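Below you'll find the structure, written out as C-alpha cells, and then a few comments.
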Amino acid sequence: MFRLDPEVYARYKDEVLRLSNSFQHIDRPGLSDAQIAERLGLDERTVTEIRCVAERDCYPLEEWEKAIEFKRKACREWSALVLKRPDLREP
Amino acid sequence: MTDATADTTLEGAIKAIGLRAGARVVGIAAAEAFREKVPEGYRPEDILPGARSVVVAGGDGPTAGAWRSPDHRVMEITGYDLRENVAIHAMCDHIESQLAHYAIQAPSLPMHGHEPPMSMMHAAELAGLGSRSLAAHIILNPEYGLLYYAALITTLPLAPDPPLARPACLNAGCAAMYKRLGTTPCLRVCPACLQGTVKDGVIETSTYDREKCHSRAQTYGIGSFQKGLLAIVNEDDAAQRRTMIYGDFFTKTLQSVGFFRDSIAQCFECMRVCPVGRKHRKLQ
Amino acid sequence: MTPLPADAANLVKKTALKSGASVCGIADASAFDEPAPAGHRPGDLLPGARSVIVVGGAQPRAGDWRATSPAVLHSMGTTERIQSVGRKLAQSIESELGYYALYVPPGTASGDTPFLSFMLAAELAGVGSRSLAGPVLNREHGFMYWSVVLTTAPLAADGPEPEGACPAPACREMWDREGTTPCLQVCPASAGGCLSGTLSAGRPVRTFYDAARCNSRVHTHWVGGFQKILEETLNEPDRDKRKMLLYGDFFTRTLWAVTYSSTNIAQCFECMRVCPAAHGLKEMR
Numbered sequence: 041m042f043r044l045d046p047e048v049y050a051r052y053k054d055e056v057l058r059l060s061n062s063f064q065h066i067d068r069p070g071l072s073d074a075q076i077a078e079r080l081g082l083d084e085r086t087v088t089e090i091r092c093v094a095e096r097d098c099y100p101l102e103e104w105e106k107a108i109e110f111k112r113k114a115c116r117e118w119s120a121l122v123l124k125r126p127d128l129r130e131p
Numbered sequence: 366m367t368d369a370t371a372d373t374t375l376e377g378a379i380k381a382i383g384l385r386a387g388a389r390v391v392g393i394a395a396a397e398a399f400r401e402k403v404p405e406g407y408r409p410e411d412i413l414p415g416a417r418s419v420v421v422a423g424g425d426g427p428t429a430g431a432w433r434s435p436d437h438r439v440m441e442i443t444g445y446d447l448r449e450n451v452a453i454h455a456m457c458d459h460i461e462s463q464l465a466h467y468a469i470q471a472p473s474l475p476m477h478g479h480e481p482p483m484s485m486m487h488a489a490e491l492a493g494l495g496s497r498s499l500a501a502h503i504i505l506n507p508e509y510g511l512l513y514y515a516a517l518i519t520t521l522p523l524a525p526d527p528p529l530a531r532p533a534c535l536n537a538g539c540a541a542m543y544k545r546l547g548t549t550p551c552l553r554v555c556p557a558c559l560q561g562t563v564k565d566g567v568i569e570t571s572t573y574d575r576e577k578c579h580s581r582a583q584t585y586g587i588g589s590f591q592k593g594l595l596a597i598v599n600e601d602d603a604a605q606r607r608t609m610i611y612g613d614f615f616t617k618t619l620q621s622v623g624f625f626r627d628s629i630a631q632c633f634e635c636m637r638v639c640p641v642g643r644k645h646r647k648l649q
Numbered sequence: 128m129t130p131l132p133a134d135a136a137n138l139v140k141k142t143a144l145k146s147g148a149s150v151c152g153i154a155d156a157s158a159f160d161e162p163a164p165a166g167h168r169p170g171d172l173l174p175g176a177r178s179v180i181v182v183g184g185a186q187p188r189a190g191d192w193r194a195t196s197p198a199v200l201h202s203m204g205t206t207e208r209i210q211s212v213g214r215k216l217a218q219s220i221e222s223e224l225g226y227y228a229l230y231v232p233p234g235t236a237s238g239d240t241p242f243l244s245f246m247l248a249a250e251l252a253g254v255g256s257r258s259l260a261g262p263v264l265n266r267e268h269g270f271m272y273w274s275v276v277l278t279t280a281p282l283a284a285d286g287p288e289p290e291g292a293c294p295a296p297a298c299r300e301m302w303d304r305e306g307t308t309p310c311l312q313v314c315p316a317s318a319g320g321c322l323s324g325t326l327s328a329g330r331p332v333r334t335f336y337d338a339a340r341c342n343s344r345v346h347t348h349w350v351g352g353f354q355k356i357l358e359e360t361l362n363e364p365d366r367d368k369r370k371m372l373l374y375g376d377f378f379t380r381t382l383w384a385v386t387y388s389s390t391n392i393a394q395c396f397e398c399m400r401v402c403p404a405a406h407g408l409k410e411m412r
C-alpha cells in the first residue's frame, strides 16, 4: 500500500495543485503528473498521490455547506425571475 | 447545421448511427490533432495503438422541464442521462463489426483524483462541436449550449471536422452586457469559481477554480463521502459522530454514490443563466 | 393457460439477439441439480423453474484488447449492457408467453457467493465452456459477460458444448513445447499469481485457483479495497495519516469504481489478454 508521508504532502501540495489542472486558465493546460514530477524532482507516483489528496483537501467541508446554500438561492432567484414568481425569491 | 442522416459518406453513415442512438451532435477529430496541446500519456494514440480518428458524441443534459424546477435538488439527482455513451457504443459496434477496424470507447472516468485518461472537452473542441466558455470553460455547442460528451477512438481513417470558425462564447447579448456592466451572466452568478475579462466581444482571460466548483458540481458524491468520512472518523464524541453519520449531508452523500448514479453533475447555475442554446429549452 | 408456441425457444433467442446479445442458449433447470449446491439452483430462486436462459455479450471489443492504456479495460467494463438484455428478456417472456420469468441479479447473495453460477449456466446452456484460466469462453466470441433468466416455461434445451474453446491450438503447441500455456505463464500460482493447471487428454484441468488473490486483482478498487482502507483508517491513530488514506489515490479510485460498479466490475484481464481463444475470431485493421 503506497503511503504518502504527511510531511512530503505538506511541503509540495500547493505547488502540485498550482501546476496541475486544479486552477485552470483557458489559454494554457495544466501539467501532467509526469511533467510536474520532472519539474519538482519527485517521482510520478508521489506527485499523483499528493495531487489526489490536495484536490480533496483544497477546501474544508464548510465549502460544501456554502455550495448547498449557493445553489438553493441561485436557482430560486432565477426561477422567481423567469417564471415571474416573486414568492420563490428567498427573503 | 447539415443533416448528418442525409450524408451518404462513410463519416455521415457513422454519424447517423450515433444520432439514431441518441446523440444530439456527432463530430470527428483526427487523432494526431491531440498532439499539440495534450501531454504524453493522455493522447488517443497512447490509449489505442494505431489510432487515426476520434469520433465525439454530444448528448443532452437535463430536460427543459428540469431546468424550470425551482428546486435545484431535482437536477442534483437527474443531471446526467449518459445517452452519449450509448451512441458511442453503437458507433463502436458498427466500426468493428461492419468496417473491421479497431474501435474503443475512450476512457473518461477519472483514474487518479480528478484526472481523466483523456479529455472529452478537448475532443469536442477538436471535433468542431463546441468551444470553451467563460463558464468553467464548459464546451458550448453554438446551437444547443451545454451538452455532455463521450468519444470513441478508432484505427479507421476518417475525414475530420474543422474546429468551430466562431466561438460559441461570448454571444452578442453577453458581449453587450460586458460592455455595459463589466460582467456576464455566468461571471455574475458564480464569482466564487469563475473570473474573466472580455475584449472586443471575445474572451481575453478566463480562470476557473475547479476544486471549488467540485464542491458545487458534485456536492454529494465521492468527494463529500471522503470529507464526511474523515470528519466522522476524527470525531471523538460518539453522540456527535452519530449525528454526523445519520445526518442529512452524509445520507444524501450515500444516496448519491449508492443509488443516484446519474447524479454526476449537480450545479447548473452558470449554465442556467447562459443564453446559448436556451431557445431549445422554451416549451409549453 | 396460454399454450406455449412450438417454436418458443427460437422466439426467445430471437428476442435476445435483437436486444443486443451476441449469443443465447437454454439449459434445462434440472441439469443444475447435481453440479450446483442446494440454495443456488434455479428452483431455489424461482419455484417451478423449468428453463434457464443464458445470454452472452457486451464483451470487450477487439480494440479494447489491443489498448495499451490500462484505463481502458480497468475502467470500462461493459456488464451493464448485457444485464439490460436479461431484464428485457424476462419482461418479454412474461408479457409474450405468459410464464413466470426471473432475471437473476448479477450481484452476490452474501459475501462473494452469487445467487446462481452464471458460469455453470453458460456451460449447461451450451454457449461456452470453462477455460484453464477460469472464465467461460464462447467458441466464436471468446470472453463474454453473461446474464441469466429463469422461467417456468418449458423451453427446448441446448446441451453443453461437445468441445470447448480451451485449449486453443496455439496453447496445445505451447504446452507440448514448454509445459505451460499463456494464461498459466502470465499468472502462475508458483510465482505469486492465481493459477495452476495442466492439459490432460486435450482438456484443460485447473489444479489450483487462488480466488482471494484473484479477487484482489479483478476487484482491486471495489468493495474489498474499500473495506481494507476503512480498516486501516480506523486503526490509524495519526490524523494526518488518516487524511492521506481517505483522500489518497487508492481510495478515491475505489470510490469511483464502487459508484460505477456495473461499468467497472472487472479490473484485471491479464489471463484473458494473452488467451488466443478469448478475443473472438474477427480480424481487424
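Here the protein sequences come in this chain order: A, B and C. Residue numbers for the first sequence follow the numbering used here, beginning at 41 and rising by one. Residue numbers for the second sequence follow the numbering used here, beginning at 366 and rising by one. Residue numbers for the third sequence follow the numbering used here, beginning at 128 and rising by one. Virtual Cβ for every residue (Gly too), placed ideally from N, Cα, C. Given the structure is predicted, the values throughout are model-derived calculations rather than measurements.
- The beta carbons of C/I220 and C/V276 sit about 7 Å from each other, so the pair counts as a contact at 8 Å.
- Residue environment analysis places A/A94 among the buried positions, since at least 16 neighbouring C-beta atoms fall within 10 angstroms of its C-beta.
- Distance from B/R417 to B/L521 at the Cβ level is roughly 6 Å; contact confirmed, criterion being Cβ atoms closer than 8 Å.
- Put simply, the stretch 443-458 of chain B touches the stretch 379-390 of chain B. At least three CB pairs are less than 8 Å apart.
- Within the stretch 460-491 of chain B, the residues whose Cβ lies closer than 7 Å to some Cβ of chain C are E461, A465, H466, Y467, A468, I469, Q470, P472, L474, P475, M476, H477, G478 and P482, listed in chain order.
- Only residues of its own chain outside the window of five on either side were considered, and among them A249, V263, L264 and N265 have a CB closer than 6 Å to the CB of C/G255, listed in chain order.
- Annotation: the stretch 416-480 of chain B contains the following complete segments of the alpha helix (DSSP H) (minimum length 4 residues), in chain order: 429-432, 437-443 and 448-464.
- The Cβ neighbour count for B/D425, taken over all protein chains shown within 10 Å, is at least 16; the residue is labelled buried.
- Under the DSSP assignment, A/Q64 falls in the beta strand (DSSP E) whose first and last residues are F63 to H65.
- Taking the C-beta atoms as reference points, C/C402 is found no nearer than 8 Å to C/C314.
- Chain A places a beta carbon closer than 8 Å to that of B/A596, counting this residue as a contact.
- One finds R497, H502, I568 and S571 in chain B with Cβ atoms closer than 7 Å to the Cβ of A/I66, taken in chain order.
- By the Cβ test, the stretch 171-191 of chain C is in contact with the stretch 142-156 of chain C, since at least three Cβ pairs between them sit closer than 8 Å.
- With contacts defined by Cβ atoms closer than 8 Å, C/G407 and C/A136 do not form a contacting pair.
- Counted as a single uninterrupted DSSP element, the beta strand (DSSP E) harbouring C/S327 occupies residues L322 to S327.
- The C-beta of A/C92 comes closer than 8 Å to at least one C-beta of chain C.
- A distance below 6 Å between beta-carbons, with the five flanking residues on each side excluded, links C/E161 to no residue of its chain.
- Contacts between A/D97 and chain C, judged by CB atoms closer than 8 Å, involve K370 and Y374 in chain order.
- Rounded to whole angstroms, the separation of the alpha carbons of B/E508 and B/R643 is 9 Å.
- For C/T379, the neighbours in chain A by C-beta distance under 8 Å run, in chain order, C92 and R96.
- Cβ contact annotation for C/C395 (same chain, cutoff 6 Å, sequence separation greater than five): R344 and V345, in chain order.
- B/D526 is outside the set of residues whose beta carbon lies under 8 Å from a beta carbon in chain A.
- In this structure, DSSP gives C/E363 a state outside helix and strand, which the three-state scheme calls coil.
- For C/V199, the neighbours in chain B by C-beta distance under 7 Å run, in chain order, I412, I469 and P472.
- Closest by C-alpha distance to C/P281, out of C/R366, C/L251 and C/A228, is C/A228.
- In the three-state scheme derived from DSSP, where H, G and I count as helix and E and B as strand, B/C558 is classed as coil.
- Look at C/V199 here: in three-state DSSP terms it is helix.
- Between C/D367 and chain A, the shortest Cβ-Cβ separation is below 8 Å.
- In terms of Cβ geometry, B/Q470 and B/H454 form a close pair [threshold 8 Å].
- Counting along the chain, C/F335 sits inside the beta strand (DSSP E) bounded by residues R330 to Y336.
- In this structure, C/R333 places its C-beta atom within 8 Å of the C-beta atom of C/L322.
- Residue burial is scored here from C-beta neighbours: C/T235 has fewer than 16 other C-beta atoms within 10 angstroms and is therefore classed as exposed.
- For a Cβ distance threshold of 7 Å, residue set A465, H466 and T520 of chain B lies close to C/R412, ordered along the chain.
- When DSSP states are grouped into helix, strand and coil, B/Y585 belongs to the coil group.
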